[in-house]
Structure formats: structure tokens, C-alpha cells
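Chemist:
Residue numbers (this note's numbering), protein chains in the order written: chain A, 206 to 619; chain B, 206 to 619.
#1: Could you tell me whether the Cβ of residue 267(A) comes closer than 7 Å to any Cβ of chain E?
#2: Once the 5 residues before and after residue 426(B) are set aside, which same chain residues still bring their CB inside 7 Å of it?
#3: What did DSSP end up calling residue 209(B) once you bin it into helix, strand or coil?
#4: For residue 392(A), does the three-state DSSP call read helix, strand or coil?
#5: Residues of chain A with CB closer than 7 Å to the CB of residue 297(B), please, in chain order.
#6: In whole angstroms, give me the CA-to-CA distance for residue 612(A) and residue 577(A).
#7: At 7 Å on the CB atoms, spell out the chain B contacts of residue 357(A), in chain order.
#8: Kindly indicate if chain A contains any beta-carbon less than 7 Å away from that of residue 241(B).
#9: Can you confirm whether the region 328 to 343 of chain B touches the region 391 to 404 of chain B when touching is taken to mean that 3 or more C-beta pairs between the two stretches lie within less than 8 Å?
#10: Given this structure, state the Cα-to-Cα distance separating residue 244(A) from residue 334(A), to the nearest angstrom.
#11: Determine which residues of the region 439 to 456 of chain B have a Cβ less than 7 Å from any Cβ of chain A, and write them out in chain order.
#12: Touch check for the region 349 to 358 of chain B and the region 297 to 313 of chain B: three-plus C-beta pairs under 8 Å?
#13: Spatial neighbours of residue 359(A) within its chain, please: CB distance less than 8 Å, with the 5 preceding and 5 following residues excluded, ordered by chain position.
#14: In the structure shown, what three-state DSSP assignment does residue 467(B) receive?
#15: Residues bridged to residue 218(B) by DSSP?
#16: Exposed or buried, residue 468(A), counting other C-beta atoms within 10 Å across all chains shown (16 or more means buried)?
#17: Taking residue 604(B) as the reference, give the member of 435(B), 586(B), 401(B) and 365(B) with the closest Cα.
#18: Mind listing which residues of the region 212 to 233 of chain A have their C-beta closer than 7 Å to chain B's C-betas, in chain order?
#19: Quick check on this structure: which residue in 399(A), 331(A) and 357(A) has the alpha carbon closest to the alpha carbon of residue 373(A)?
#20: Please work out which residues of its chain come closer than 8 Å, Cβ to Cβ, to residue 382(A), disregarding the five sequence neighbours upstream and downstream, and give them in chain order.
#21: Given a threshold of 16 other Cβ atoms within 10 Å of its Cβ, counted over all protein chains shown, does residue 510(A) qualify as buried or as exposed?
#22: How would you write the range of the beta strand (DSSP E) that residue 602(B) sits in, first residue to last?
#23: Distance cutoff 7 Å, beta carbons only. Does residue 402(B) sit that close to anything in chain A?
#24: Whether or not the region 242 to 260 of chain A and the region 221 to 234 of chain A are in contact is what I'm after, with contact meaning three or more pairs of Cβ atoms, one per stretch, closer than 8 Å; do they touch?
#25: Examine chain A for any beta-carbon lying closer than 7 Å to the beta-carbon of residue 339(B), and answer yes or no.
#26: Closer than 7 Å by C-beta to residue 543(A): which residues in its own chain qualify, once you throw out the five before and the five after it? Chain order, please.
#27: What's the gap between the Cα of residue 620(A) and the Cα of residue 413(A)?
#28: Taking only the alpha-carbon atoms, compute the straight-line gap between residue 268(A) and residue 277(A) and give it to the nearest angstrom.
#29: What are the start and end residues of the alpha helix (DSSP H) that includes residue 495(B)?
#30: Under a CB-based cut-off of 7 Å, is residue 614(A) close to chain B?
#31: Would you call the region 555 to 562 of chain B and the region 584 to 595 of chain B in contact, with 3 or more CB pairs under 8 Å?
#32: In this structure, how does DSSP classify residue 538(A) when only helix, strand and coil are distinguished?
#33: Can you give the beta carbon distance from residue 453(B) to residue 386(B), rounded, assuming they're within the 8 Å contact cut?
#34: Check the C-beta distance from residue 585(B) over to residue 508(B) and give it rounded, since I have them as a contact under 8 Å.
#35: Whole angstroms are fine: how far does the CA of residue 297(A) sit from the CA of residue 328(B)?
#36: Any beta-carbon of chain A closer than 7 Å to the one on residue 322(B)?
This is the structure:
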């Protein structure tokens, strides 16, 4: 092989539950070494060990006390240590099996981001060092979830963003495939813990996966977006069991993908913020939501109803974790007048997803009827081209999911 | 105050036992804020929390197994996370008290080192960002113990080297003083846990402190060297108790410093390597020790005796932690022929230290007589201008130290 002819490169990612103790790290290291011996170039991204990220967050809250939110800049450097620990340990474990390997921090892997601490976006990847280490025959372990901004400060990409690191590395390196190894063995028609008859999908399209991203595999939606943009095939599979996973790709849909409804997505930690008596004029929605964007809070579903008295009610959902900060942001903004604002948690999103829905009528009616039969009350409704979402109470999720899984015949093996 | 006229700067260092949990970090943060309110510029170095460095080392050993030593490069990045955690938490705790602060990694603080992983030496400090953060009115928290080498890899300076970081920062910033806050309240005439009548010194010279560095305060010897070279006064004091500490400086000796013997230094984790039947020719000592230097192993006491048959016996001491690696390094080297090599642990160094000894006779005789009266067998002897050291069995340390403390009247308050 000439030095100019690069080996095919694969990028793997192992989640926190796959590297939660020394024994598991050694098992994953063996898998990595077996794969490396096939002659391919391997770049491996790891998440922080087990619950270590949560433990660091708890520590941060302990030192700042209940009244002050920890600085996001400091939090990013703090949380980035979790992935430094797991990536260096993985490199050591691989060494001990006789395979050359090197760990790189996000910074060393050339991952540059914007400066939005806590939810930074990857701006570019300078793969010079990555390529050099690969050319030297090393397995390269990259600390997931982190990068460096233009001030030289460490940033993190948000919870679950090691997936994003893996897909971005695969895109930058022109990798054959990105392989996400996790504690579930693929993407299911819906969460098997809620719907016992849920089935594993052999493949799924990027768009559908984007809508389903909160399913069992809990893949980070941004990583799917990135994979779709760069056409990176993504395999989701079990870290420890050698069974077929699910391939996420943008190729021709097979029979399975041609089903109208591919799956039921469930997202449980939803809170809504309702702003009542908002002055009804152009620019109101933007004025209310800009402070949330500035604070890095993602707004999901947005619903607005016009009422009779020249004012309107404006409701949107955020993750429950952001609920308090979102409420404060709306209260503090000066751009838009309103009568009152309230927040409520304990909600969930239940969605039916499928590209086949684009041209077919009646899916919404089937969905609402199935929920009504299961005695599930719908709080809000929102739709995209390939998805219909209902906001329901969290406790209604099992009834809703099972009703929909049956109504759309997802348990039927084709 | 004009922007050109800099505030006086103080560098503080807090050891791992002072920041071992959230409550202690909050208490130290309060102390730091009080000090910051006096208007001085503050740079604070912190060690890793409590036993976290030992826990990381144990994890590394767990993933590599008993037969392979973890890669020193990976170990350095792994261990550097301990100080990143404590420094970011300290910055957060200071924020929560209303004081602006920023944490910097060794790299961000401009600390460049050589590439000797595990025991790197600081090559230079680019204090541009440090000065900028100080000028912005921030307390700057610097992760101790770490730097960056020319390849862009993280290095660590060796156990206990957060002291070195602090002194080096003080030198680079032209600080008024470096303050080492720890779990003891100063430098004692000897270890008070071994000799109950040990007294705290109000001050001590750099040279004496260098010899005594393994005493109660366990200051890193390299940090004392650095302080002496740059003339940085170093205060060693209690992190939590507001009692006078010990000032280490190079000024005129006061009455206390003029005592012939200032203290008894004790270093317990000593192993000896004895190489027997070494060919007796020039270059032998260098040939035996070069492989240890290459492996980053510090050799302490060296004793060589010529025997009758044209060969010699060569004995040197290393820390017990390095004993196995040192033995292997001697065995593997090809430069020098010898008959056999053995190692033995469980030894300790007991030294009398004092600048006054330079011109006075009889200190050695007094020392050896005192040890003999206490029934302590001397294994090896070595001396410097201001120190006499005896290698004894570890279990003899209490008897030896108490006998010497009495013989040199160190318990007598002047």
C-alpha cells in the first residue's frame, strides 16, 4: 500500500454505559483491537464513564449553592474532563493489548466550535493531527462532546453530543461509516420498555431518524442532521452483543422504509410555557423567543391562538431542565407586553413518524381516534411533513404509545 | 489607579485536602473573596480534590492490568483532569459569592514544559492571558500540576507539583509572595506525628527548606529551588486555621535561623538498589544511571565502595514507587557488566539540616552517637554542606527522630 493510498477509515462511538467501569473498558478495547486487526483505520469517540457527567453537575451545584447557576464557561471545562478520563483510559487499555493508540482531546483533534458554552456547534475540524496519527498506524481515541472556541476556551456540544462528534469526525475524514455503539441494539419502532411488541428496524432514513431521534437509541438529533448533510451512513448497534443493528442512511428506501408509519417517537421531559394576553402585532413571537435563543434554550413546539380582545395566547415547549430559565427569560424581556406567563411540566410528546405519510391522508384522524379510544387527552398538536406530534400528560404515554403502535400495525412483521 | 500601574499580585496554592469536598471548596472560596476585596491581584492554584488523583491512578491500573504500565502520555492527560475539576469548581464557588473569577488550564495559563511525561519541567510561562484576566479584575484560578509540551500534549510536573506551578506563576508575574495553604500550619523542626515536642518555625532559609522539603509540610523540593532562584518569598500556612505560618525566604537570618541545626528531615519511602561486582573503570556510574535518567527515575543517595578483586559495589536509593522500574532499567542496560543486582525497600532517610552546620565541627559525631544510644542501626550515610543523612530501617524512624530532636535541643524554645 503506498503512503498516498489511505486505508478505509471507520469512526466508532461508545456511549457512557459501555465504558462505565474498567472491566467494560477492557471489553470494548478488545473489540476495537479485533477491528483494528482487519486493517482499517479506526477513530473512536467515547462518552464519559457511566454517571460521571451527572456527578460533576451535582458537584458544581453543590459548590455554587441553590441560588446561583454555575458559569457555563466553567461548567464546560469541568464536564469535558469526563471524556478526557474515558478516552485516556481507553487508549491505555488498547495499549495493554499490544495495539498502538493515542487519545486526543477535542482541541487536539482539531474540533473548533462557536462560543455558545453548553451547546456549542462544531464550526470546523482540522483533521491534520488525526490523519497523522492514523497514518502512523494508531487507533485514535477522541474525547467526545467537546471542542475549542476562538478564545481558546473549552466548549461542550450539549448532552448526548458525543454522537455529533463521531459523525462530524466521520464527515471530516471521509469515513466509510460512523458506528454508534450503545446499550440498545438498534432503532425500534418505539420504546420497547413502554410497548412490549416494539420491533427493531433494519434500516431507517435520515429524515425519519431525525424525527425519531428521541427513541430508544436516544441519538442526538444534531448528529443525524449532520449525517444527512454529509451523507455519512450511521450504524446504531449494541456495544456488547453481536447482533445486527440499524443502519441510518439516505439511499433508496427498501420495503420496510416504504411503510407509511415507521415508528412512534416518545419524548418525556417536556414542559410548556404559556404567555397569556400578549399584544397581537407582528414581531411578537420573535421578541418573546429571542431571549431564549440568546440563553441557548431550545424551543420545540410553538402554538399561538388569537383571542377576541386584540391579544393572543402564546404557548411553547422546552425541555423540563430548561423550564425555569425559560420562564425567567420571558419575564425579564422588555420587547413584548403580556398579561401573565405560567409554566407546567410533566408533559410528553408522542409522535407518529414516517416518510410514507407525506402523500397519504387520514393518518392524523387515525392517530387522534386511537388516542381517544385509549382515553388519552391531547393538550397540543403540531405536525411536520413526515410527523404528527401530540403533547400529552407523561402518565398517558404508555397508553398512548401502545394504542398507536397497534393502530398503525407496527408490531406486524412484514 | 492608572492601567499601567499594576496592583500587587499574590499567588496562592491550596492542596488537595483543602478542596476535598464541596463544603471545603466553598470555605476556601470565601477566604479568597475576602482577600480579593483588599484590592490585591490574586492568582490561585489548586490541587486535585482529596484522593481523586489516586483514584484515577487506580482506574488506569485497572484498565491496563498488572502486566503493563499505563502509557505516561495518556496518564498525564488523565491525571490533569483532577486539577481541571477542582479549578473550575473553585471558580464557580467564587462566582456564587459575587466575585468575578476565571479558571485556566495549565495550557491556558501559558505554562509550557518539556516532554518528560509524568515529571515534566516548566520551560516557560507566557503570562499574557494571566495578566489580561487580572487586569479585568478577575481572580484567576490555575489548574496546578500541568502544562503543555511542544507537541501540544498535556504534561504533568510530578506528584505534589502544584507547589511548583504556584511558585513558577509567582516568579513569572513578579508576585509579592507565594502562599502555600495546606493541612499543616507551617514548617516544623521535624514531623510532629513522630516527635511530639516538634516546634513550628517562624521562618526558614531556602537552602534549609530544600533539605527539609520532605518534612510535615511535604513541600515539593523543586518549588523551593525555583523560589530560591527567583527570590520568591513563600509562606506555608494552614488553609483553614488563622494562625501564623512559616515564611521561607532568602533574607538575613534571624536568631532562629542562626541555630546550628534547624530541623530533622524524614523521608520514609526509600528503596535501595545494590549492584555487586561492577567492573571498576571510569564511566561505570554514569553507564548504570543513564537508563534511569532516561526513564525519568530520580536517584537520590549514591554510595560506591571499591572491593579487592578489581570490581566494586554500587548502591543507590530511589523512591519505593520507582524501585521495580529502577531494578529493570539496571538489568536491561548493556553498557556496564556486573555480577548481580538486588533491591530492598522499607528504608527511610533521617537527616539533620542547618546552615549553621557549615562551619561547625562535631555535628556528625553527635548525630551518630545519638542514633547509637537509641539503638538505631545506620545502613548508609551521605552528607551535603548543610545536611547529614543516615539511611535507616523505616521502623527505626521514631526512635531516630526523637533521639536527634533531643540531642540538638530542637524542642528548646529560644
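All residues carry an ideal CB built from backbone N, CA and C; glycine is no exception.
Everything numeric in this text was worked out from a predicted model, so none of it was measured.
Modeler: Put simply:
#1: Judged by its chain identifiers, the structure shown contains no chain E, and its protein chains are A and B.
#2: Working through the second chain from its first residue, we reach residue 426(B) at position 221. Closer than 7 Å at Cβ, skipping near neighbours: 415 and 418.
#3: Taking the second chain and counting its residues from 1, the one referred to as residue 209(B) is at position 4. Since pLDDT at residue 209(B) reaches only 46, below the 50 mark, its modelled position is unreliable, and the value read off the structure follows with that caveat. In the structure shown, residue 209(B) sits in coil (DSSP, three-state: anything other than H, G, I, E or B).
#4: In the first chain, the residue the question calls residue 392(A) occupies position 187. DSSP places residue 392(A) in coil when its eight states are reduced to three.
#5: On the second chain, position 92 is the one that residue 297(B) refers to. Within 7 Å Cβ-Cβ: 265, 268, 269, 275, 276 and 279.
#6: Taking the first chain and counting its residues from 1, the one referred to as residue 612(A) is at position 407. Taking the first chain and counting its residues from 1, the one referred to as residue 577(A) is at position 372. Rounded to whole angstroms, residue 612(A) to residue 577(A) spans 12 Å at the Cα level.
#7: Stepping through the first chain from its first residue, residue 357(A) is reached at position 152. Ordered by position in chain B, the residues that pass the 7 Å Cβ test against residue 357(A) are 313.
#8: Within the second chain, numbered from 1, the residue matching residue 241(B) stands at position 36. No, residue 241(B) does not count as interfacial toward chain A.
#9: With the cut-off at 8 Å, the region 391 to 404 of chain B and the region 328 to 343 of chain B do not touch.
#10: As a first step, residue 244(A) is located in the first chain; it is residue number 39 there, counting from the start. As a first step, residue 334(A) is located in the first chain; it is residue number 129 there, counting from the start. Whole-angstrom Cα-Cα distance: 20 Å.
#11: Here the close residues number zero.
#12: Segments in contact, yes.
#13: Here residue 359(A) is taken as the residue at index 154 of the first chain, counted from 1. Here the set comprises 281, 282, 285, 311, 312, 351, 352 and 353.
#14: Counted from its first residue, the second chain places residue 467(B) at position 262. Correct three-state label for residue 467(B): coil.
#15: Position 13 of the second chain, counted from the start, is the residue given in the question as residue 218(B). According to DSSP, which records beta bridges pairwise, residue 218(B) is partnered with 250(B) and 385(B).
#16: If you number the first chain from 1, residue 468(A) lands on position 263. Per the 10 Å Cβ criterion, buried.
#17: Mapped onto the second chain, residue 604(B) falls at position 399. Of the candidates 435(B), 586(B), 401(B) and 365(B), 401(B) places its Cα closest to the Cα of residue 604(B).
#18: Residues 227, 230 and 231.
#19: Working through the first chain from its first residue, we reach residue 373(A) at position 168. When only C-alpha atoms are compared, the closest one is 331(A).
#20: As a working note, residue 382(A) is residue 177 in the first chain. For residue 382(A), where only same-chain residues beyond five positions count, the Cβ hits under 8 Å are 215, 216, 375, 437, 438, 439 and 440.
#21: Numbered from its first residue, the first chain carries residue 510(A) at position 305. In this structure residue 510(A) is exposed. Its beta-carbon is surrounded by fewer than 16 other beta-carbon atoms within 10 angstroms.
#22: Locating residue 602(B) in the second chain gives position 397, where the first residue counts as 1. Note, residue 602(B): premise wrong, no beta strand (DSSP E); alpha helix (DSSP H) at 602 to 612.
#23: Residue 402(B) sits at position 197 when you count from the first residue of the second chain. With 7 Å as the cut-off, residue 402(B) does not count as an interface residue toward chain A.
#24: Touching, yes, given that three or more Cβ pairs across the two stretches are closer than 8 Å.
#25: Stepping through the second chain from its first residue, residue 339(B) is reached at position 134. Output row for residue 339(B): interface = no.
#26: Taking the first chain and counting its residues from 1, one reaches residue 543(A) at position 338. The beta carbon of residue 543(A) lies closer than 7 Å to those of 480, 481, 482 and 483 in the same chain, with the five residues before and after it left out.
#27: Residue 620(A) lies beyond the residue range present for chain A, which begins at 206 and ends at 619; the question has no answer from this structure.
#28: The count along the first chain starts at 1 and reaches residue 268(A) at position 63. The count along the first chain starts at 1 and reaches residue 277(A) at position 72. Here the alpha carbons of residue 277(A) and residue 268(A) stand approximately 14 Å from one another.
#29: Residue 495(B) sits at position 290 when you count from the first residue of the second chain. From DSSP, the alpha helix (DSSP H) with residue 495(B) extends over 489 to 499.
#30: Mapped onto the first chain, residue 614(A) falls at position 409. No, its Cβ sits nowhere closer than 7 Å to a Cβ of chain B.
#31: They touch, by the three-pair rule.
#32: Numbered from 1 along the first chain, position 333 holds the residue referred to as residue 538(A). Here residue 538(A) sits in coil by DSSP.
#33: Within the second chain, the letter at position 248 stands for residue 453(B). Within the second chain, the letter at position 181 stands for residue 386(B). For a cut-off of 8 Å, the C-beta gap from residue 453(B) to residue 386(B) is around 14 Å, too long to register as a contact.
#34: The residue you call residue 585(B) lines up with position 380 of the second chain. The residue you call residue 508(B) lines up with position 303 of the second chain. In this structure, residue 585(B) and residue 508(B) form a Cβ contact; the two beta carbons are roughly 5 Å apart against a cut-off of 8 Å.
#35: In the second chain, the residue the question calls residue 328(B) occupies position 123. In the first chain, the residue the question calls residue 297(A) occupies position 92. Straight-line Cα distance between these residues: approximately 27 Å.
#36: For the purposes of this step, residue 322(B) is identified with residue 117 of the second chain, where counting begins at 1. Chain A has no Cβ within less than 7 Å of the Cβ of residue 322(B).
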